[in-house]
Amino acid sequence: MSDLGWKCFFIKNYVKSLKTSIGSTIEKPSDIKTVVSEMQKFRGTIEGDVCVRRVEDFISDSDRRYFVINGRVFAANSEKKIPTIVEECAKRINSKFFSVDVVERRDGVKRIVEIGDGQVSDLVGWTTERFAEIWLDEC
1 MSDLGWKCFF IKNYVKSLKT SIGSTIEKPS DIKTVVSEMQ KFRGTIEGDV CVRRVEDFIS
61 DSDRRYFVIN GRVFAANSEK KIPTIVEECA KRINSKFFSV DVVERRDGVK RIVEIGDGQV
121 SDLVGWTTER FAEIWLDEC
């Protein structure tokens, strides 16, 4: 990881990042052992494997969640344009239903930070009514 030249790293397993204890952001690659140890301490196990991502300069509160049903992308607001990166993701992932979380960097670039199986803990900006509406559109 040192060869990557990144200033900060974000560590998570396939399911969750570490939101307690020391957190998931490290500056020295050698600290990954501590993060993994803390994940095991608080969760009992590492689910899947460990993922490493470069920490980027994201705009606070720019995160948006999209849902994909049968290749069709839906936004929390039906009036909003779907970002190209999400449309491309929907074409490449072979799944009937999943979520795509996107944030925007300070330079305007949109980044996918998570693709999930749709069993999310929060609708992030969605109303229950809008979420139900997308299913009616697909039935």
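In this text, residue positions in the sequence shown follow full-length UniProt numbering: the first is 1, and each later residue adds one.
Glycine residues also receive a C-beta, built at the ideal position from the N, C-alpha and C atoms.
Using three-state DSSP, classify residue i as helix, strand or coil.
i	result
Lys12	strand
Ile82	coil
Val50	strand
Ile69	strand
Met39	helix
Leu123	coil
Thr45	coil
Ile93	coil
DSSP has residue i in a bridge; who is on the other side?
i	result
residue 193	Shown here, the chain extends from 1 to 139; a query on residue 193 therefore has no answer.
Glu104	Lys110
Phe58	Arg105
Phe26	At residue 26 the sequence reads Ile, which differs from the Phe that was named. Paired residue(s): Phe9.
Asp64	A quick correction: the sequence has Arg, not Asp, at residue 64. Per DSSP, Val102.
Phe74	Phe67
Just checking my contact of residue i with residue j at CB under 8 Å: how many whole Å lie between their CB atoms?
i	j	result
Asp63	Val103	5 Å
Ile112	Asp101	7 Å
Ser99	Phe67	5 Å
How about residue i and residue j: do their beta carbons lie closer than 9 Å?
i	j	result
Lys12	Glu27	no
Asp117	Ser95	yes
Arg105	Ile59	yes
Phe9	Arg54	yes
Met1	Val36	no
Ile93	Ile134	no
Val120	Arg65	yes
Should residue i be flagged as near chain C, meaning a C-beta pair shorter than 9 Å?
i	result
Val109	Going by chain labels, chain C is absent from the structure shown, which holds only one protein chain.
ask   = Touch check for the stretch 62–78 and the stretch 22–41: three-plus C-beta pairs under 8 Å?
value = The stretch 62–78 is not in contact with the stretch 22–41.
task = Determine contact between the stretch 83–98 and the stretch 34–49, defined as no fewer than three beta-carbon pairs at a distance below 8 Å.
result = no
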